[in-house]
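Everything below concerns the one structure shown next.
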Amino acid sequence: MKLRVKAISRRARPLPITLLLGFAIALSGCSSDSVGDALAAPDPPRVAGYATPVPTPGSDDQAGPGASAGSAPFAITTGPDQAIWFGQFLTNQIGRIAPDGTVTLTVVKEGGIAERMTNGPDGAIWFTDPSSNRIGRIDPSGAVTYVLAPTENSGPAGITLGPDGNLWFTEHAAGRIGRVTPLGTVTEYLLTSPSAPAGIATGRGGKLYFAENASNRIGRISLDGQLEEFPLPHPGSAPNEIVSSADGNLWFTEVAAQKVGRLTPAGDMIEFALPAAGPPMGLAAGPDGELWVTIPAAHTVCRVARDGQATAFRFADSVMPALIAAGSDKNLWFTEPTGKIGRLTTAGFLTEFPSGWPPESVRASVGSPNRGGSAQDNASPADAVSVTR
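Heads up: the sequence shown begins at 79 in our numbering, then just goes up one per residue.
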């Protein structure tokens with residue numbers, strides 16, 4: 079369904095406030111107290127474009143590239159240093175897989191978490207921490223600093239680097255859009271209620287787009303706070319993640335409707351069904367110029383072309399793809415809350431790095447691509463592609 083959406087325009091109310099960055103901590107890599115069975119692991123599989131991931135010397139972690147039993151990796155991004163960065167939800171850690179294969183883990187202080195991550199203008203990774211109502215910053219050395227959100231219990235969620243060199247983030251619980259400078263100055267923009275903004279992305283023309291869960295709209299805000307909103311065609315679709323594609327359009331997931339949508343800068347909106355059942359979770363613009371969507375309940379990753387034609391890569395029931403990011407190695411990387419990191423080629427070849435390195439648990443499989451219709455199961459374990467050690 080394609081339609082031109084009439085934007086609702088107004089000026090958001092700015093709530094400026096200045097805060098100082100918190101104290102920094104530098105950790106060389108820590109591990110969870112619960113890492114499952116610490117096995118004398120054989121050589122793990124090599125990662126295309128990366129050296130073999132190994133724990134940092136002195137770390138107790140033996141669970142592959144930073145993932146361990148009970149760690150629940152969730153947020154993920156590729157840093158300006160070309161490393162893969164990810165958050166571990168249950169162990170309050172941030173992991174980094176360097177291009178040389180070195181894996182480090184840093185504890186997020188005071189029990190914090192990293193819900194979403196993005197590159198900063200300063201060579202660091204910035205992340206939202208809703209558990210402590212703050213925005214965090216971690217640099218490649220492991221130094222962590224924080225900026226508190228001005229509104230209490232605001233629920234910082236999505237975050238992106240804006241065209242002005244500042245970090246823009248959503249406050250899901252407070253219904254606001256926030257902006258923080260690299261020096262820690264925070265400005266908030268109040269949205270209409272209810273809104274519940276989630277994902278946020280930078281689009282063309284110096285504007286930012288965000289998905290509004292509760293109001294069922296895609297919002298667009300200029301750098302000076304001018305706000306427009308684009309209603310979705312079907313009530314209760316629950317837009318969530320949003321990314322900008324290479325052609326300048328904005329793509330977003332619809333959790334309740336189990337679809338993806340596309341919005342042009344001119345306001346043309348169209349929805350596309352996905353070839354697998356279940357709420358879409360992660361969304362990324364791939365290195366091949368197409369969109370990649372994860373559907374954890376279907377154990378599937380979908381590739382969506384710019385015209386909306388989708389291909390589903392269905393994996394074994396043990397594969398639970400969550401958030402996803404394009405790597406500097408031209409592959410897709412995703413987290414699995416079951417304690418794994420996945421690396422997927424654009425051809426559908428998946429390598430998982432599970433909670434330990436026993437030979438029988440190292441998986442490398444090819445998802446069964448299906449264009450349109452319902453997804454099918456991938457090859458049986460006996461047909462899985464073996465890993466060259």
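Ideal Cβ placement from N, Cα and C applies to all residues, glycine included.
Assigned exposure category for residue i - 16 Cβ within 10 Å defines buried
{"i": "W329", "result": "buried"}
{"i": "A355", "result": "exposed"}
{"i": "K408", "result": "exposed"}
{"i": "S232", "result": "buried"}
{"i": "S385", "result": "The question names Ser, but residue 385 is Asp in the sequence shown. Under this definition D385 is an exposed residue."}
{"i": "R282", "result": "exposed"}
{"i": "L401", "result": "buried"}
{"i": "D207", "result": "buried"}
{"i": "A376", "result": "buried"}
{"i": "A227", "result": "buried"}
{"i": "G201", "result": "exposed"}
{"i": "A344", "result": "exposed"}
{"i": "L261", "result": "exposed"}
{"i": "G256", "result": "buried"}
Supposed contact pair residue j and residue i - C-beta distance, whole angstroms, cut 8 Å
{"i": "M347", "j": "F308", "result": "6 Å"}
{"i": "V185", "j": "N170", "result": "6 Å"}
{"i": "S273", "j": "G253", "result": "4 Å"}
{"i": "I203", "j": "G277", "result": "Contact doesn't hold; Cβ gap of about 17 Å is too wide."}
{"i": "A235", "j": "T248", "result": "5 Å"}
{"i": "P317", "j": "E290", "result": "7 Å"}
{"i": "L361", "j": "L352", "result": "The pair is not a contact, with the Cβ atoms about 11 Å apart (cut-off 8 Å)."}
{"i": "R215", "j": "G198", "result": "7 Å"}
{"i": "A425", "j": "A363", "result": "Actually they do not touch by this definition, with Cβ atoms about 18 Å apart."}
{"i": "L286", "j": "G240", "result": "6 Å"}
{"i": "G417", "j": "A150", "result": "7 Å"}
Residue i versus residue j: straight-line alpha-carbon distance, rounded
{"i": "F152", "j": "L301", "result": "29 Å"}
{"i": "V338", "j": "A251", "result": "24 Å"}
{"i": "A388", "j": "T229", "result": "40 Å"}
{"i": "T265", "j": "S396", "result": "43 Å"}
{"i": "M65", "j": "N244", "result": "Nothing can be reported for residue 65: it is not among the residues displayed for the chain, which extend from 79 to 467."}
{"i": "A292", "j": "S271", "result": "9 Å"}
{"i": "G220", "j": "P311", "result": "44 Å"}
{"i": "P218", "j": "A192", "result": "16 Å"}
{"i": "D242", "j": "A279", "result": "13 Å"}
{"i": "Q160", "j": "I175", "result": "9 Å"}
{"i": "V258", "j": "T378", "result": "35 Å"}
{"i": "R298", "j": "F412", "result": "27 Å"}
{"i": "T429", "j": "I162", "result": "15 Å"}
{"i": "G165", "j": "V371", "result": "19 Å"}
{"i": "G405", "j": "T155", "result": "8 Å"}
{"i": "F167", "j": "E306", "result": "33 Å"}
{"i": "I213", "j": "F350", "result": "33 Å"}
{"i": "A383", "j": "L183", "result": "35 Å"}
{"i": "N294", "j": "R340", "result": "14 Å"}
{"i": "P237", "j": "F427", "result": "The displayed chain sequence assigns Ile, not Pro, to residue 237. Between I237 and F427, the C-alpha separation is close to 29 Å."}
{"i": "F288", "j": "G173", "result": "27 Å"}
Beta-bridge pairing of residue i - partner residues as DSSP gives them
{"i": "R194", "result": "According to DSSP, R194 bridges with nothing at all."}
{"i": "F308", "result": "I296"}
{"i": "A252", "result": "DSSP output for A252 lists no bridge partner at all."}
{"i": "L352", "result": "DSSP output for L352 lists no bridge partner at all."}
{"i": "P234", "result": "E249"}
{"i": "A363", "result": "L369"}
{"i": "F164", "result": "I154, G173"}
Cutoff 8 Å: residue i Cβ touching any chain B Cβ
{"i": "R174", "result": "Looking at the structure shown, chain B is missing, and only one protein chain is on hand."}
Open item on the list: For the structure I just gave you, are there three or more beta carbon pairs, one from the region 355-367 and one from the region 331-345, closer than 8 Å?
Closed with: yes
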